[in-house]
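Under numbering that gives the first Met the number 0, the residues of the sequence shown are numbered 0 to 727, in order.
Below is one structure, written out as structure tokens; the observations come after it.
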Amino acid sequence: MDLLRSEPMQLVQLIIPVEAAYRTISYLGDLGLFQFKDLNAEKSPFQRTYATQIKRCGEMARKLCFFKEQMTKAGLSPSTRSMARADFNLDDLEVKLAEFEAELTEIKANNEKLQRAYSELVEYKLVLQKAGEFFYSAQNTAVAWQREVEAHHIGEGSIDSPLLLEQEILTDPSKQVKLGFVSGLVPREKSMAFERILFRATRGNVFLKQALVEDCVIDPVLGEKIEKNVFVIFFSGERVKNKILKICDAFGANRYPFMDDLGKQYQMITEVSRRLLELKTTVDAGLLHWSNLLQTIGHQFEQWNHLVKKEKSIYHTLNMLSIDVTKKCLVAEGWCPVFATNQIQNALKQATFDSNSQIGAIFQKLGDIMEMTFGGRYVIMMMALFSIYTGLIYNEFFSVPFELFRPSAYECPDPSCRGASIVGLIRVRPTYPFGVDPKWHGSRSELPFLNSLKMKMSILLGVAQMNLGIILSYFNATFFGNNLNIWYQFVPQMIFLNSLFGYLSLLIIVKWCMGSQADLYHVMIYMFLSPTDDLGENQLFVGQKMLQLVLLLLALVSIPWMLFPKPFLLKKQHQERHQGRSYALLHSIDDSPELERHRDSLGHVDFEFSEVFVHQLIHTIEFVLGAVSNTASYLRLWALSLAHSELSSVFYEKVLLLAWGFNNVVILTIGIIVFIFATVGVLLVMETLSAFLHALRLHWVEFQNKFYEGDGYKFYPFSFALLTDEDA
0 MDLLRSEPMQ LVQLIIPVEA AYRTISYLGD LGLFQFKDLN AEKSPFQRTY
50 ATQIKRCGEM ARKLCFFKEQ MTKAGLSPST RSMARADFNL DDLEVKLAEF
100 EAELTEIKAN NEKLQRAYSE LVEYKLVLQK AGEFFYSAQN TAVAWQREVE
150 AHHIGEGSID SPLLLEQEIL TDPSKQVKLG FVSGLVPREK SMAFERILFR
200 ATRGNVFLKQ ALVEDCVIDP VLGEKIEKNV FVIFFSGERV KNKILKICDA
250 FGANRYPFMD DLGKQYQMIT EVSRRLLELK TTVDAGLLHW SNLLQTIGHQ
300 FEQWNHLVKK EKSIYHTLNM LSIDVTKKCL VAEGWCPVFA TNQIQNALKQ
350 ATFDSNSQIG AIFQKLGDIM EMTFGGRYVI MMMALFSIYT GLIYNEFFSV
400 PFELFRPSAY ECPDPSCRGA SIVGLIRVRP TYPFGVDPKW HGSRSELPFL
450 NSLKMKMSIL LGVAQMNLGI ILSYFNATFF GNNLNIWYQF VPQMIFLNSL
500 FGYLSLLIIV KWCMGSQADL YHVMIYMFLS PTDDLGENQL FVGQKMLQLV
550 LLLLALVSIP WMLFPKPFLL KKQHQERHQG RSYALLHSID DSPELERHRD
600 SLGHVDFEFS EVFVHQLIHT IEFVLGAVSN TASYLRLWAL SLAHSELSSV
650 FYEKVLLLAW GFNNVVILTI GIIVFIFATV GVLLVMETLS AFLHALRLHW
700 VEFQNKFYEG DGYKFYPFSF ALLTDEDA
């Protein structure tokens with residue numbers, strides 16, 4: 000049976016001196032057996048006492064996260080070797096972390112700058128090599144072509160001699176066209192689109208030459224390895240050049256200067272190679288320094304990280320405590336297992352001793368009966384006020400009638416009619432101004448009249464409270480954005496409840512106002528058995544029969560309305576999200592609570608329509624049957640009132656009046672004592688407790704089940720052993 004029960008828990012209050020608060024929370028965190036309640040839930044995080052300390056811890060956690068990212072990039076992991084615990088002060092650690100962050104940031108910036116320069120030189124060298132090959136090949140081709148032209152020019156009379164225009168161009172250098180060129184590298188995946196855009200933008204008035212780079216190169220801007228092509232674009236005119244430069248920028252093509260002089264090309268290649276060697280040495284030295292610094296951080300990273308998480312959790316917990324009005328102590332409330340009482344008290348004593356506090360922490364069970372009585376003092380006061388109000392309504396004091404406002408409106412002309420029936424009474428005054436006429440007490444007609452009054456009032460109160468519960472469920476669904484519950488649970492529930500029991504409440508009020516003798520039991524029974532029959536003398540107003548038919552039809556329609564639409568709509572939403580046809584934000588609050596509830600209940604993310612349908616069927620049956628049983632449960636108020644009245648009459652007549660009739664002081668004294676003890680013990684204690692428990696049950700079962708699910712929550716103690724990286 001232990002598997003089916005939770006550990007016995009207790010609600011505890013701690014009163015902690017301010018000077019011992021930090022150590023107390025720290026020792027309780029080491030113990031890990033106390034779950035704190037947030038006593039400052041109405042305050043924002045910035046309004047709490049230790050918001051500054053939490054901000055400092057958060058900043059240090061950010062620096063540690065930066066260190067971890069750098070170690071991951073370097074391929075290092077924090078050392079897991081067990082080290083002697085260093086006595087770090089939070090202020091010293093904050094300074095130390097700031098120094099490491101500044102140094103790492105500077106090294107990182109320098110390394111990135113050097114690496115970018117190195118990558119640019121690597122690309123520049125590739126352009127010099129590949130583009131140089133273009134020019135060298137073109138120059139050899141041009142020389143061979145020129146020699147061929149000169150050979151043909153020697154034989155002037157030959158039929159193969161060049162045309163006059165070509166000859167003039169060759170003999171007149173001023174008429175030769177000088178082409179410009181742009182060189183650089185472009186990502187290989189963009190090379191085809193790059194070539195097409197160039198051709199279209201210049202209308203084919205460019206010449207593009209590309210060469211593949213065998214190995215991936217590190218892009219200076221992105222810092223990533225990318226496959227690239229070296230290109231050279233030949234053009235004529237400034238307008239074409241401007242277009243080419245814009246296209247290069249749009250495609251992320253890095254441009255580098257180039258000279259067509261072969262001698263200068265060799266000099267530039269030599270200079271770039273020398274600078275690459277120098278930068279390589281500098282970059283390696285910077286990376287080595289960066290790696291050594293990260294290794295130094297990694298040796299103590301876990302210890303620093305645990306300390307920061309621990310400090311942050313301590314101050315976060317201190318923010319959940321309330322400050323006493325004297326501002327000399329903090330008040331904490333929370334849950335702990337019963338078996339941990341001694342361990343928690345020992346931790347409190349040790350914290351008080353270590354912090355040199357003159358005042359010890361106070362540990363007390365808020366679940367104590369006296370504490371519960373004190374906490375429920377306003378409930379007891381309200382019960383007393385309503386008891387007084389009810390006594391005034393009935394004009395009784397311990398079932399003894401009192402003519403508090405004026406004499407009764409009825410008198411009995413013949414002593415023989417006293418207590419027999421109200422028929423023998425004669426009305427001699429106007430109706431009693433407030434409450435029930437005292438003459439009704441003790442008459443034979445009193446019991447049916449008061450019973451009917453109490454019973455109908457119980458039904459009215461019960462139906463009103465159940466409607467309030469459904470309305471609260473509507474606001475609850477509106478707050479969480481659950482539209483399915485609004486239209487397919489709230490609306491049909493209101494229709495079903497008020498079509499039957501709301502209509503009964505209306506009939507009760509109409510009957511009181513009209514003074515009719517209609518039998519409401521007969522009306523409600525035959526509303527179901529024979530809805531088309533005439534009402535006869537039970538008809539209270541015109542159109543009652545048609546109204547009952549409409550209400551009965553609405554009640555019948557509301558049952559499948561509660562059952563069928565919601566499961567099918569949940570299925571449709573699941574299919575649309577699964578197929579990607581529905582646009583919605585992740586973790587949308589529209590209807591995700593329903594889907595999440597089904598996921599949690601099923602233990603996986605698959606949507607089982609049959610289980611969802613059965614779940615909705617259970618809810619529908621529960622509400623339909625519960626509407627009947629809950630309404631009947633409110634008649635407990637009538638039963639308790641009847642039992643209280645009868646017990647009062649028995650104690651008054653069979654104890655006090657019986658003792659008074661003996662005309663003996665001893666018997667009278669004993670009778671008074673018995674009457675007082677019976678009245679206090681039974682009527683004021685047992686009956687009050689019984690009424691309280693039954694009223695509590697009506698609130699818990701009949702009222703709160705419309706909108707509240709008291710499933711409890713998992714015990715999650717404040718423990719340093721449960722801290723994760725997310726808690727930092």
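Cβ coordinates follow ideal geometry from the N, Cα and C atoms, glycine included.
Using beta-carbon positions only, say whether residue i and residue j come within less than 8 Å of one another.
i: glutamine 34; j: phenylalanine 714; result: yes
i: leucine 287; j: isoleucine 106; result: no
i: isoleucine 744; j: alanine 658; result: One cannot answer for residue 744 here, as it falls past the ends of the chain, which runs 0 to 727.
i: leucine 30; j: isoleucine 313; result: no
i: phenylalanine 362; j: valine 11; result: yes
i: lysine 307; j: arginine 254; result: According to the sequence shown, residue 307 is valine rather than lysine. Taking 8 Å as the Cβ cut-off, valine 307 and arginine 254 do not qualify as a contacting pair.
Whole angstroms are fine: how far does the CA of residue j sit from the CA of residue i?
i: valine 212; j: threonine 295; result: 40 Å
i: alanine 200; j: leucine 276; result: 41 Å
i: lysine 705; j: proline 566; result: 19 Å
i: glutamate 122; j: lysine 227; result: 10 Å
i: isoleucine 232; j: arginine 115; result: 25 Å
i: alanine 210; j: leucine 92; result: 55 Å
i: serine 81; j: asparagine 304; result: The predicted position of serine 81 is uncertain, since its pLDDT is 47 and thus under 50; a value taken from the coordinates is nonetheless stated next. When rounded, the distance between both Cα atoms is 14 Å.
i: asparagine 341; j: glutamine 9; result: 13 Å
i: glycine 179; j: threonine 280; result: 37 Å
i: histidine 573; j: serine 609; result: 14 Å
i: asparagine 110; j: threonine 269; result: 24 Å
i: alanine 517; j: leucine 496; result: 23 Å
i: phenylalanine 563; j: isoleucine 470; result: 22 Å
i: proline 716; j: glutamine 52; result: 22 Å
i: histidine 643; j: leucine 656; result: 18 Å
Of all the options the options, which has the alpha carbon lying nearest to the alpha carbon of residue i?
i: serine 628; options: Ile458, Glu18, Ile666 and Arg115; result: Ile458
i: leucine 38; options: Gln52, Ser78 and Leu317; result: Leu317
i: leucine 391; options: Ser515, Lys309, Pro437 and Gly374; result: Pro437
i: tryptophan 637; options: Trp486, Gln128, Leu562 and Lys455; result: Lys455
i: cysteine 411; options: Arg115, Arg428 and Leu125; result: Arg428
i: lysine 544; options: Ala554, Val700, Val556 and Ser529; result: Ser529
i: aspartate 532; options: Trp439, Gln547, Met267 and Leu519; result: Gln547
i: leucine 551; options: Met526, Pro559, Tyr255 and Glu270; result: Met526
i: threonine 389; options: Gly434, Phe401 and Ile358; result: Gly434
i: aspartate 214; options: Glu194, Leu221 and Pro186; result: Pro186
i: alanine 690; options: Ala383, Leu63 and Phe65; result: Ala383
i: lysine 95; options: Gln69, Ser25, Lys62 and Leu221; result: Lys62
i: isoleucine 14; options: Lys326, Ser43, Asp283 and Val220; result: Lys326
i: leucine 503; options: Leu460, Leu616 and Lys224; result: Leu460
i: valine 229; options: Lys129, Glu607 and Ser25; result: Lys129
DSSP on residue i, reduced to helix/strand/coil?
i: arginine 115; result: helix
i: glycine 251; result: coil
i: valine 216; result: strand
i: tyrosine 712; result: coil
i: tyrosine 409; result: strand
i: phenylalanine 198; result: helix
i: isoleucine 730; result: For residue 730 there is no data in the structure shown, the boundaries of the chain being 0 and 727.
i: methionine 456; result: helix
i: leucine 551; result: helix
i: leucine 667; result: helix
i: glycine 390; result: helix
i: glycine 28; result: helix
i: leucine 679; result: In the sequence as presented, leucine is not what sits at residue 679; that position holds valine. The answer is helix: DSSP assigns valine 679 an H, G or I state.
i: valine 324; result: coil
i: leucine 534; result: coil
i: leucine 184; result: strand
i: serine 632; result: helix
Could you please give me the residues that DSSP links to residue i through a beta bridge?
i: alanine 331; result: Leu13
i: glutamine 34; result: Trp334
i: alanine 210; result: Val229
i: glycine 501; result: Bridge partners of glycine 501: none, in fact.
i: glutamate 395; result: Pro400
i: arginine 426; result: Tyr409
i: methionine 8; result: Pro336
i: phenylalanine 234; result: Gly179
i: lysine 224; result: Ile217
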